[in-house]
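Visitor: Residue numbers (my numbering): 889 to 1136. We put the beta carbon where it would ideally sit given N, CA and C, even for glycine. Nothing here was measured: the structure is a model prediction, and the numbers come from that model.
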Ligand code: 13P
């Protein structure tokens, strides 16, 4: 039985005090034994939020990680630095990174490997654009994004990762993939992994992201191959985020 997980991605939102307040409000709604909940926060506030989440069920993540270990890479944040700031997770390959900042399948795979080298669980974000969906290339895009990582890291590396399927057209648009559309791609991803390792396919968490709200979370999470969610907008409000977590 796979453990489900709900992760918030705060993106570039809020201030230090708002982040601290939000993390505290989320924790206030959790019970001691709760598991499978995390927030990926702006890197400059990681240490502030680390102090809040320490010894609570709320885990911490970065929103990206460098594709090199250390050195002359101005503006990048290494996996070691994330680890020092208390991160359990790091997003890699979020579509906003791929679209606006030129992250490629190869650099995403390198980020994935760097995270794992430091014992950080990479959350590999994959998903098609609207144009790709409409031209029936969704599965081909998923194959390319997934295979780049398998090629560099090896299939066994997926055992210590989370995969987030986030159709680009559903992010921040209010247009969620239907439960069946999401399930279809999650099932495909799991089948592709199963072709290389059934055990890893059975255990890897594959979460859905794209306009998940308290009102639609339960139906999405009920799908057999959907193991939780990566939540953007609705994770900025503790009540909504907790309602989504409780929908699992
Ligand atoms: P929204 O939930 O705002 O659509 O964002 C999804 C996302 O990009 C999470 O990483």
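Taking Cβ to Cβ, would you say residue 895 is nearer than 8 Å to residue 1119?
Guide: Here residue 895 is taken as the residue at index 7 of the chain shown, counted from 1. Here residue 1119 is taken as the residue at index 231 of the chain shown, counted from 1. Contact: yes.
Visitor: Kindly indicate which residue of 971, 899, 952 and 1103 has the alpha-carbon position closest to the one of residue 963.
Guide: Working through the chain shown from its first residue, we reach residue 963 at position 75. When only C-alpha atoms are compared, the closest one is 952.
Visitor: With C-beta atoms as the reference, is residue 1113 less than 8 Å away from residue 1078?
Guide: Within the chain shown, residue 1113 is the residue found at index 225, counting from 1. Within the chain shown, residue 1078 is the residue found at index 190, counting from 1. Going by C-beta atoms, residue 1113 is nearer than 8 Å to residue 1078.
Visitor: Does DSSP put residue 941 in a helix, a strand or coil?
Guide: The residue given as residue 941 occupies position 53 in the chain shown. In the structure shown, residue 941 sits in a helix (DSSP, three-state: H, G or I).
Visitor: Would residue 1003 pass as an interface residue toward chain D - the criterion being a Cβ-Cβ separation below 8 Å?
Guide: Looking at the structure shown, chain D is missing, and only one protein chain is on hand.
Visitor: Per DSSP, what kind of secondary structure is residue 965 in: helix, strand or coil?
Guide: Here residue 965 refers to the residue found at position 77 when the chain shown is read from its first residue. Residue 965: coil per DSSP, three-state reduction.
Visitor: Using a 10 Å radius around the Cβ and a threshold of 16 neighbouring Cβ atoms, would you call residue 897 buried or exposed?
Guide: Here residue 897 refers to the residue found at position 9 when the chain shown is read from its first residue. Residue 897 comes out buried.
Visitor: Can you tell me where the beta strand (DSSP E) with residue 1093 in it begins and where it stops?
Guide: Along the chain shown, read from residue 1 onward, the residue named residue 1093 stands at position 205. Note, residue 1093: beta strand (DSSP E), 1093-1097.
Visitor: Please report the straight-line C-alpha distance between residue 974 and residue 891, rounded to a whole angstrom.
Guide: Here residue 974 is taken as the residue at index 86 of the chain shown, counted from 1. Here residue 891 is taken as the residue at index 3 of the chain shown, counted from 1. Computed Cα separation, rounded: 21 Å.
Visitor: May I ask you to report which of helix, strand or coil DSSP gives residue 946?
Guide: Your numbering for residue 946 matches position 58 in the chain shown. Looking at residue 946 - three-state DSSP - the assignment turns out to be coil, as it is neither helix nor strand.
Visitor: Taking the C-alpha atoms as reference points, what is the distance between residue 965 and residue 954?
Guide: For the purposes of this step, residue 965 is identified with residue 77 of the chain shown, where counting begins at 1. For the purposes of this step, residue 954 is identified with residue 66 of the chain shown, where counting begins at 1. Roughly 5 Å separates the two Cα atoms.
Visitor: Could you tell me the alpha carbon to alpha carbon distance between residue 1053 and residue 983, rounded to whole angstroms?
Guide: As a working note, residue 1053 is residue 165 in the chain shown. As a working note, residue 983 is residue 95 in the chain shown. So the alpha carbons of these two residues sit roughly 10 Å apart.
Visitor: Measure the C-alpha to C-alpha separation of residue 1101 and residue 893 and round it to an integer number of angstroms.
Guide: The count along the chain shown starts at 1 and reaches residue 1101 at position 213. The count along the chain shown starts at 1 and reaches residue 893 at position 5. Cα to Cα, residue 1101 sits roughly 15 Å from residue 893.
Visitor: Quick check on the burial criterion: 16 or more other C-beta atoms within 10 angstroms. Buried or exposed for residue 1095?
Guide: Here the question's residue 1095 lines up with position 207 in the chain shown. Classification of residue 1095: buried, given that the 10 Å Cβ count is 16 or more.
Visitor: Rounding to the nearest angstrom, what Cα-Cα distance links residue 1013 and residue 989 in this structure?
Guide: Here residue 1013 refers to the residue found at position 125 of the chain shown. Here residue 989 refers to the residue found at position 101 of the chain shown. The alpha-carbon atoms of residue 1013 and residue 989 are separated by roughly 15 Å.
Visitor: What do you reckon, is the C-beta of residue 1098 under 7 Å from a heavy atom of the ligand 13P?
Guide: Indexing the chain shown from 1 puts residue 1098 at position 210. Under cutoff, so the answer is yes.
Visitor: Where does the unbroken beta strand (DSSP E) through residue 928 begin, and where does it stop?
Guide: The sequence position of residue 928 within the chain shown is 40, counting from 1. Counting along the chain, the beta strand (DSSP E) containing residue 928 begins and ends at 925-928.
Visitor: Answer yes if the stretch 1083-1093 comes into contact with the stretch 1030-1050, meaning at least three C-beta pairs across the two stretches below 8 Å, and no otherwise.
Guide: Yes: the two stretches touch, three or more of their Cβ pairs being nearer than 8 Å.
Visitor: Beta-carbon separation of residue 1135 and residue 1129 under 8 Å?
Guide: Translated into positions along the chain shown, residue 1135 becomes position 247. Translated into positions along the chain shown, residue 1129 becomes position 241. Not a contact, by the Cβ cut-off of 8 Å.
Visitor: With hydrogens ignored, establish whether the beta-carbon of residue 1122 is closer than 7 Å to any heavy atom of the ligand 13P.
Guide: The residue labelled residue 1122 in the question sits at position 234 within the chain shown. Yes, the Cβ of residue 1122 comes within 7 Å of a heavy atom of the ligand 13P.
Visitor: When the Cα of residue 948 is compared with those of 959, 960 and 935, which residue comes out closest?
Guide: Position 60 of the chain shown, counted from the first residue, corresponds to residue 948. That would be 935, whose Cα lies nearest to the Cα of residue 948.
Visitor: What are the uninterrupted segments assigned as alpha helix (DSSP H) that are 4 or more residues long and contained completely in the stretch 1009-1096, given in chain order?
Guide: As far as the stretch 1009-1096 is concerned, its whole alpha helix (DSSP H) runs of at least 4 residues are 1018-1022, 1026-1041, 1067-1082 and 1086-1091.
Visitor: Considering only the beta carbon of each residue, do residue 1099 and residue 1061 sit closer than 8 Å?
Guide: As a position in the chain shown, residue 1099 is number 211, starting the count at 1. As a position in the chain shown, residue 1061 is number 173, starting the count at 1. It is a contact, given that the beta carbons lie within the stated cut-off.
Visitor: Does at least one heavy atom of the ligand 13P sit under 7 Å from the Cβ of residue 982?
Guide: What you label residue 982 is simply residue 94 of the chain shown in a count that begins at 1. Residue 982: yes, Cβ under 7 Å from the ligand 13P.
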